[in-house]
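Q: When we follow the numbering used here, the leftmost residue of the sequence shown carries the number 2, and every step to the right adds one. No residue lacks a Cβ here, since even glycine has one placed at the ideal position from N, Cα and C.
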Amino acid sequence: MGYTSVVLDDVRSQLAPADVVLKEARQRRDTVRRAAESFVGVLKSYGSGSLAHATANCPIHQRDKGLDADCGVVLDRRVHQSLGPDSQANVGPDRTVAAMLEHLEPKVLEQYPAATFEITKRAIFIEFHEPMGSGEDPTVDLVVGLRRREEGLWIPNTEQHRWDPSHPEKHTDLLTAEPKSLRVTRARAIRLAKAENKRPGRHSDPPLCSFNLEALALMFVEPGQGVPTALLQLWERGAKDLARRNTPDPAGVSAPIKVADREYAVERLTQAADMLRAALERDDDEYQVRAYLSRLWPEFVAPTPLGETKARVAARLQAGKPLAVTSAGTLATTGTALKQPRSYGAPPAGSDD
């Protein structure tokens with residue numbers, strides 16, 4: 002194994018959410034799902050997003066308050082006959098989403114009395130205001146979906162007061178499908194790409210949404226690739242594809258994924274691919290590899306093998322562990338070694354292993 006793989010594995014270990022945080026995020030999501038399932042005319046609920054796709058990163062390192070556990074419910078159109086474009090009445094989602102919030106609130110508050118609820122463009126966003134010892138406070142997004150006559154769901158667009166087509170269940174199926182080796186490699190590449198995507202740049206928002214990176218990985222990560230090659234393909238081929246079009250929906254149901262500044266997104270993907278390729282071309286020189294990869298993940302790659310990353314220093318300080326200065330003059334942590342958490346628990350519910 003060359004140094005590029007070693008350093009990328011170390012970056013992933015720092016990005017991995019702690020098992021206790023994943024467990025709490027799932028518990029909060031499942032509480033919301035159970036409450037939503039008792040709403041009139043609900044056929045089923047489902048998990049979605051990065052938690053279900055096994056592509057979540059540690060929220061503290063990514064400047065988020067907590068993992069966002071996505072989920073949704075599917076309404077039975079035999080009960081909700083007037084809703085959606087497939088009905089003659091074509092009633093929009095606003096009143097139904099508001100009714101779901103009213104239904105959810107007392108049930109969730111029984112278990113999480115500080116929770117607050119907000120209707121966003123696509124979902125009901127729930128903050129629990131019960132931070133864990135690490136400071137992380139997982140949130141939940143619940144999408145109220147309506148089964149389409151064709152494949153997929155109608156999901157709310159409360160800003161435009163209409164339903165839009167999507168297929169979140171198929172997205173999860175695609176990203177968690179066998180074979181395991183491909184699923185694991187793809188998830189690892191996605192997590193690394195998501196972390197680079199949040200590196201500060203020209204705009205305040207990341208160049209691409211996380212789902213766009215997942216879609217590019219589904220297109221370009223192939224069986225038999227290792228993580229460095231998979232990530233390089235995601236960036237290199239993804240840049241070429243994005244240069245000519247917006248990324249299509251992997252499920253083939255919704256419109257192509259929107260990008261605020263496509264030219265800049267292509268530029269960032271190309272730059273990332275160039276840095277990774279340069280590292281791979283110098284794979285036997287650890288200092289060169291670190292020099293290139295530190296430009297992509299400045300908080301997670303130390304310039305020297307014995308150096309401490311900014312992310313680990315921050316984690317130590319947050320945990321109240323003191324820092325010491327080594328003989329080389331670099332900062333190092335004292336006390337027990339920082340744990341190297343495995344990425345997730347048992348697959349496929351939340352594992353890239």
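So within the region 256–295, which uninterrupted alpha helix (DSSP H) runs reach at least 4 residues, ignoring any that extend past its ends?
A: Taking only runs of at least 4 residues, the alpha helix (DSSP H) segments lying wholly in the region 256–295 are 263–282.
Q: Counting only runs of 3+ residues fully inside the region 39–84, write out the beta strand (DSSP E) ranges in chain order.
A: Listed in chain order, the complete beta strand (DSSP E) runs (minimum 3 residues) inside the region 39–84 are 43–49, 69–76.
Q: With distance defined between alpha-carbon atoms, name the residue in Leu193, Gln112, Pro180 nearest to Leu297.
A: Ranking Leu193, Gln112, Pro180 by Cα distance to Leu297 puts Leu193 first.
Q: How many Å lie between Leu9 and His172 at the Cα?
A: Rounded to whole angstroms, Leu9 to His172 spans 26 Å at the Cα level.
Q: Return the CA-CA distance between Ser211 and Thr56, expressed in angstroms with no decimal places.
A: One C-alpha to the other measures close to 9 Å.
Q: Tell me which same chain residues have a C-beta within less than 7 Å of the C-beta of Glu131, skipping the five on either side of it?
A: For Glu131, where only same-chain residues beyond five positions count, the Cβ hits under 7 Å are Tyr113, Ala115, Asp138.
Q: In whole angstroms, what is the alpha-carbon distance linking Arg150 and Arg78?
A: If you take the alpha carbons of Arg150 and Arg78, they lie about 9 Å apart.
Q: Quick check on the burial criterion: 16 or more other C-beta atoms within 10 angstroms. Buried or exposed for His204?
A: Exposed, by the Cβ-count rule.
Q: Could you compute how far the alpha carbon of Arg278 sits from the alpha carbon of Leu294?
A: Spanning the two alpha carbons is a distance of roughly 10 Å.
Q: By how many angstroms is the C-alpha of Asp275 removed from the C-alpha of Thr5?
A: Thr5 and Asp275: Cα-Cα distance of roughly 14 Å.
Q: Which of the three DSSP states, helix, strand or coil, is assigned to Gly146?
A: Strand at Gly146.
Q: How about the region 153–161 and the region 172–182: do they share at least three Cβ pairs that are nearer than 8 Å?
A: No, they do not touch.
Q: Using a Cβ-Cβ cutoff of less than 7 Å, which residues in the same chain neighbour Pro166 once the five nearest sequence positions on both sides are dropped?
A: So the list reads Arg149, Gly153, Trp155, Val254, Ser255, once near-sequence residues are dropped.
Q: Applying the criterion that 16 or more other CB atoms from any shown protein chain within 10 Å of the CB defines a buried residue, is Thr121 buried or exposed?
A: Exposed, since its Cβ has fewer than 16 Cβ neighbours within 10 Å.
Q: With three or more C-beta pairs closer than 8 Å as the rule, is the region 40–49 touching the region 16–24?
A: Counting Cβ pairs under 8 Å, fewer than three are found: no touch.
Q: Just the Cα atoms here: how many angstroms apart are Val302 and Thr310?
A: In a straight line, the C-alpha of Val302 is about 6 Å away from that of Thr310.
Q: Scan the region 89–148 and note each continuous beta strand (DSSP E) run of 3 residues or more that stays entirely inside, going in chain order.
A: Those beta strand (DSSP E) runs which fall completely within the region 89–148 and span 3+ residues are 117–120, 125–128, 140–148.
Q: Roughly how far, in whole angstroms, is the beta-carbon of Thr248 from the beta-carbon of Pro257, given that I think they are within contact range, below 8 Å?
A: Going by Cβ atoms, the distance from Thr248 to Pro257 rounds to 6 Å, so yes, they are a contact pair.
Q: On the CB-based measure, 16 or more other CB atoms within 10 Å of its CB, does Glu25 come out buried or exposed?
A: Glu25 should be labelled buried.
Q: Between which two residues does the alpha helix (DSSP H) carrying Asp11 extend?
A: Its alpha helix (DSSP H) spans residues 4–16.
Q: Run the proximity test for Arg150: is its beta-carbon closer than 7 Å to any non-hydrogen atom belonging to the ligand ADP?
A: Annotation note on the ligand ADP: not contained in the displayed structure, which lists no ligands.
Q: For the beta strand (DSSP E) containing Ser430, list its first residue and its last residue.
A: The chain is shown only over 2 to 354; residue 430 falls outside these bounds and no answer can be derived.
Q: In three-state terms, what does DSSP make of Arg163?
A: Three-state result, Arg163: strand.
Q: Work out the CA separation of Leu143 and Phe126 for me, nearest whole Å.
A: For Phe126 and Leu143, the distance between alpha carbons rounds to 7 Å.
Q: Does Val80 pass the burial test, meaning 16 or more other C-beta atoms within 10 Å, or should it be called exposed?
A: Answer is exposed; the Cβ neighbour count stays below 16.
Q: Could you have a look at Ala19 and say whether DSSP puts it in helix, strand or coil?
A: In the structure shown, Ala19 sits in coil (DSSP, three-state: anything other than H, G, I, E or B).
Q: How would you write the range of the beta strand (DSSP E) that Trp236 sits in, first residue to last?
A: Looking at the DSSP string, Trp236 is not in any beta strand (DSSP E); the run it does join, the alpha helix (DSSP H), is 228–245.
Q: Between Ala273, Gly225, Arg30, which lies nearest to Glu237 when the distance is taken from Cα to Cα?
A: Of Ala273, Gly225, Arg30, the residue nearest in Cα terms is Ala273.
Q: Just to check my reading of the structure: Pro94 and Val145 have Cβ atoms closer than 8 Å, yes? What is that Cβ distance to the nearest angstrom?
A: So it is a contact: roughly 7 Å between Cβ atoms.
Q: Measuring only between beta-carbons, confirm whether Asn91 sits less than 8 Å from chain B.
A: Going by chain labels, chain B is absent from the structure shown, which holds only one protein chain.
Q: With DSSP collapsed to three states, give me the class of Leu193.
A: Reduced to three states, the DSSP call for Leu193 is helix.
Q: Could you please give the first and the last residue of the uninterrupted alpha helix (DSSP H) stretch that includes Leu175?
A: Its alpha helix (DSSP H) spans residues 169–176.
Q: Compute the distance between the beta-carbons of Val33 and Leu147, then report whether it is under 8 Å.
A: For Val33 and Leu147, no; Cβs fall outside 8 Å.
Q: Give me the Cβ distance between Gly239 and Leu217, rounded to the nearest whole Å; I'm assuming they're in contact under 8 Å.
A: With a Cβ gap of about 4 Å, Gly239 and Leu217 count as contacting.
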